[in-house]
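Trainee: For the protein sequence lines, the chains are V and H, in the order given. Sequential numbering from 131 applies to the first sequence in this note's numbering. Sequential numbering from 63 applies to the second sequence in this note's numbering. No residue lacks a Cβ here, since even glycine has one placed at the ideal position from N, Cα and C. Handing you a structure now.
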Amino acid sequence: MTMFFQQLVNGITQGGLYALLAIAYSLVYGVMGLVNFSTGSIYMLGAMSSWLVCKYIIESFWLSVLISFGVGFVVAFVLEKIAFSAIRGATRIASLICTIGFSQFINEAVALIFGKATQGMSTFFDQELFAFLGVHISVMQAVLVVTVIIILVALQFFVYRTRIGLAIRTVSMDEKTAGLMGINVNRTISIAFSLSGACAAIAGLMGAVYYRSFSAYMGWMPGIKSFSAAVFGGLSSMPGAILGGYLMGIIENFGVQVFSTGYRDVISFIVMIVFLLVRPQGILGSKKKVKL
Amino acid sequence: MERKRYSKYNRLLVALAALIIVLILPYVFSGYILQIAVYAYIYILLASSLNLLIGYAGIFSMGHVGFYCVGAYTSALLATKLDMPFVICFFAAGLLAALAGAFVGFVALRLNDIFFAFATMGLSEVIRIVIQNSDFTNGTLGVTGIPLPEWFGRSMNREEFYYLVVVIVVIVVVLISKLAKSHTGRTLAMIRDDQNAAASLGVNIFKYKMMVMVLSCFIAGLAGSLYATFIQYINASNFGITVSINIIAMVAIGGMGTVSGPVIGAILLQLLPEYIRFLSNFRQIIYGAAIVISIMFAPKGLVGIRWRRIKLIDQLCCLFETKLNNEES
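Next comes the structure, spelled out in structure tokens:
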């Protein structure tokens, strides 16, 4: 029983990271109908910027959050301007290949500058919050969970209650009609894309704090796994992506108990493949009818 | 008319020169460069087989390394555990990879393009992780002591194996170019360009996609067998996603949907970082940047660029052609 709750707590903490990244995928998929493969790299850049802040400026968690938010936002903005505006109208495969190239480029550039080895990250909130019947919850876990929830709620508010959010939702429904209704489609896509980058970067900061490490290749696995999470919950719906992220974190932590740790990464892929076969639109997603 | 004759003549000349270079390579260079060359040939196989999927059928697979891995391990395990001769290992590798491809295709081909890409990537990672963790495949230690093939009662040396690889690559590439021009190739191109139109003309899309998937995985399995036999040691950690991305880069840079594109892309991306020493640290960066640049500025790859449009090159070509003309008359 103790084990059960301990794994549940760990799963929720980790699930928060996946939920943030899944939201990043979901936002881009919503407005552009394609997948940004370099989300994992932006995750890594977020971790990198927080690592730099803690190492060279000041060991502050909240400043790191701000800085990674900014870095993610700017990088995604630039990426969109360079890559997606240039190739908009190309086939989906071409743009996916392009984001793969960017992802590779960013990862390797960081590996070249800071080395390929895993670097230690300073620890925050190391003390224990409380232990209940043998279940240990650290302050860090609580902070991470609360921060993720605050960000998710703010994002929901932004998308469902503001004018820009309305524009984003309109564009994801139908790009052409949205343009006819006087919405600046390019700017909306740019905003959604930058926001998704900011989410991914904050997830990266959380990842660096949670695992207490940073490396140039840390983005691969979370990037792919959270895509699985997004598919699992429903790529076309934001609440679905959040749900998928949390469920994926929990499933993974329980799965490790059942199988050995070596198979940790397999679990999320199997969940994704099963869902793609059985219910491709995910738990909460709605099926899109293909019109000819 | 005149122009056409010369372009054919030129092409033959280039092919002949390439063949001569390939054939005399083992006499001129030592072991290391030979190894690089064999790597390049293996990558030609991989890029050509992936091009069958991406370029001809419009199926974007990001898990091609998984089938390569299956082929390599099949061949290695058959050779070390059961002492099978190379021929059997080689074809068994292809067949098992094709079987894996058939399974993956059956599972994933009904998905749309992006989901297919991620599903294949996930499956290739699953394959790698399972191989890395199972005792049967020697786990993280990898398989060692894979013998080179035997002939005339003795085992081949590396130079002879080099020629074997060359022969296999040439056969495969020729067969692929034949396939591209056949009825099947045209049908695949139609499916790539407009799936709905093809379906409405009565083409069984799933059957054709399945066929090209099996064929492509078969070739990838053969490449895996050649790799395992040549290197004589394999480890599952060498079959990560990066390999898939490198193959995609070769196809994208060379030119999707052409026969010569992947060949050129594979040779270029394999040899360039090796020969220009100071670039070898930047190898993966080059791959990444090359993908982005080629998609943005030359979506049809190096083969698709109209070189004649660039003035300097056009002038050079004209000079060369008039010279040839004078010599002939």
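Contact defined as beta carbons within less than 8 Å: I believe Gly366 (chain H) pairs with Arg254 (chain H). What is the distance between those atoms, to the nearest angstrom?
Mentor: Actually they do not touch by this definition, with Cβ atoms about 15 Å apart.
Trainee: For Glu64 (chain H), I'd like the list of residues in its chain whose CB is within less than 8 Å of its CB, leaving aside the five on either flank, ordered along the chain.
Mentor: For Glu64 (chain H), the predicted structure reports a pLDDT of 48, less than 50, and the residue's modelled location is therefore unreliable. A value from the coordinates is still provided. Counting only Cβ-Cβ distances below 8 Å, and skipping sequence neighbours, we find nothing.
Trainee: Leu259 (chain V) lies in the beta strand (DSSP E); which residues open and close that run?
Mentor: Segment Glu258 to Phe262, the beta strand (DSSP E) holding Leu259 (chain V).
Trainee: When we look at the beta-carbon of Glu210 (chain V) and count the other beta-carbons within 10 Å, is it buried (16 or more) or exposed?
Mentor: That one is buried.
Trainee: Applying the 10 Å Cβ sphere with the 16-neighbour rule, what's the burial state of Leu310 (chain V)?
Mentor: Looking at its Cβ environment, which holds fewer than 16 other Cβ atoms inside 10 Å, Leu310 (chain V) is exposed.
Trainee: Would you mind reading off the limits of the beta strand (DSSP E) that contains Ser268 (chain V)?
Mentor: Val265 to Ser268 is the span of the beta strand (DSSP E), which, as asked, contains Ser268 (chain V).
Trainee: With DSSP run on the structure shown, which of helix, strand or coil describes Arg216 (chain H)?
Mentor: Strand at Arg216 (chain H).
Trainee: Please name the residue or residues paired with Thr206 (chain H) in a DSSP beta bridge.
Mentor: Per DSSP, H:Tyr295.
Trainee: At a Cβ threshold of 9 Å, is Glu336 (chain H) touching chain V?
Mentor: False, the Cβ-Cβ gap to chain V never drops below 9 Å.
Trainee: Which term fits Glu238 (chain V), buried or exposed, when burial requires 16 or more other beta carbons within 10 angstroms of its beta carbon?
Mentor: It is buried - the Cβ of Glu238 (chain V) has at least 16 other Cβ atoms within 10 Å.
Trainee: Checking the sheet assignment: what are the DSSP bridge partners for Gln249 (chain V)?
Mentor: For Gln249 (chain V), which the question treats as bridged, DSSP gives the partners V:Phe344.
Trainee: Alpha helix (DSSP H) containing Ser186 (chain H): first to last residue?
Mentor: It spans Asp175 to Asn195 - the alpha helix (DSSP H) in which Ser186 (chain H) sits, taken as one unbroken run.
Trainee: Starting from the C-beta of Phe122 (chain H), find all residues in its chain whose C-beta is less than 7 Å away, skip the five residues before and the five after it, and write them out in chain order.
Mentor: So the qualifying residues of the chain are Ile116, Asp175, Phe178 and Ala179.
Trainee: For Tyr393 (chain V), return the contacting residues in chain H, with the cut-off set at a CB-CB distance below 7 Å.
Mentor: By Cβ distance, chain H contributes Ile191 and Asn195.
Trainee: So Ile217 (chain V) contacts chain H; which residues on that side make the cut at Cβ distance below 9 Å?
Mentor: Those are Ile357, Met358 and Pro361, listed as they occur along chain H.
Trainee: Less than 8 Å between the CB atoms is what I'm expecting for Trp181 (chain V) and Gln249 (chain V), so what's the real figure, rounded?
Mentor: So it is a contact: roughly 7 Å between Cβ atoms.
Trainee: Could you check what DSSP says for Asn200 (chain H) in three-state terms: helix, strand or coil?
Mentor: Note: Asn200 (chain H) maps to coil in three-state DSSP.
Trainee: Have a look at Ser179 (chain V) and Leu150 (chain V) and give me their C-alpha separation to the nearest angstrom.
Mentor: Looking at the two C-alpha atoms, the distance is approximately 18 Å.
Trainee: Determine, for Val127 (chain H), whether the minimum Cβ-Cβ distance to residues of chain V falls below 9 Å.
Mentor: No, because no Cβ of chain V sits closer than 9 Å to the Cβ of Val127 (chain H).
Trainee: Taking Cβ-Cβ distances shorter than 9 Å, what residues in chain V pair up with Ile173 (chain H)?
Mentor: Contrary to the premise, residue 173 (chain H) reads as Leu rather than Ile in this sequence. The answer, in chain order, is Leu406, Leu407 and Pro410.
Trainee: Are Ala297 (chain V) and Ala308 (chain V) closer than 9 Å when you measure CB to CB?
Mentor: Contact flag set, yes.
Trainee: For Leu203 (chain H), go through chain V and note every residue whose CB falls closer than 9 Å to its CB, in chain order.
Mentor: Those do not exist, as Leu203 (chain H) stays about 14 Å from chain V at its closest Cβ, beyond 9 Å.
Trainee: Under 7 Å, CB to CB, which of the residues in the stretch 232-254 of chain V have a partner in chain C?
Mentor: In the displayed structure, chain C is absent; the protein chains listed are V and H.
Trainee: Using C-beta distances below 8 Å, list every residue in its chain close to Arg172 (chain H), excluding the 5 sequence neighbours before and after it, in chain order.
Mentor: Taken in chain order, the residues that qualify are Phe268.
Trainee: At a Cβ threshold of 9 Å, is Phe134 (chain V) touching chain H?
Mentor: It does not: the Cβ of Phe134 (chain V) has no partner Cβ on chain H nearer than 9 Å.
Trainee: Say whether chain V places a C-beta atom closer than 9 Å to the C-beta of Ala181 (chain H).
Mentor: Interface residue, yes.
Trainee: Identify whether Lys143 (chain H) lies in helix, strand or coil by the three-state DSSP scheme.
Mentor: Note: Lys143 (chain H) maps to helix in three-state DSSP.
Trainee: Excluding the five sequence neighbours on either side, which residues of its own chain have a C-beta within less than 8 Å of the C-beta of Cys427 (chain V), listed in chain order?
Mentor: Look at the range of chain V in this structure, 131 to 422, and you will see that residue 427 (chain V) is not part of it.
Trainee: Using the beta-carbon of each residue, which ones in chain H are nearer than 7 Å to Val165 (chain V)?
Mentor: Those within 7 Å of Val165 (chain V) in chain H are Ile176.
Trainee: Can you tell me where the alpha helix (DSSP H) with Tyr118 (chain H) in it begins and where it stops?
Mentor: It is not in any alpha helix (DSSP H) - Tyr118 (chain H) carries neither H nor E in the DSSP assignment.
Trainee: Please classify Leu377 (chain V): does DSSP put it in a helix, a strand, or coil?
Mentor: Residue state, collapsed to three classes: helix.
Trainee: Anyone know if the C-beta pair for Ile142 (chain V) and Gly379 (chain V) falls short of 9 Å?
Mentor: For Ile142 (chain V) and Gly379 (chain V), yes; Cβs fall inside 9 Å.
Trainee: Taking Asn303 (chain H) as part of the alpha helix (DSSP H), name the residues at either end of that continuous run.
Mentor: The sequence shown places Ile at residue 303 (chain H), rather than the Asn named in the question. Start and end: Ile303 to Gly316.
Trainee: Let's see if you can read the secondary structure: which residues bound the alpha helix (DSSP H) around Lys355 (chain V)?
Mentor: Taken as a continuous stretch (DSSP letters only), the alpha helix (DSSP H) holding Lys355 (chain V) covers Trp350 to Gly363.
Trainee: What do you reckon, are the CB atoms on Ala162 (chain H) and Gly128 (chain H) nearer than 9 Å?
Mentor: Yes. Within cutoff.
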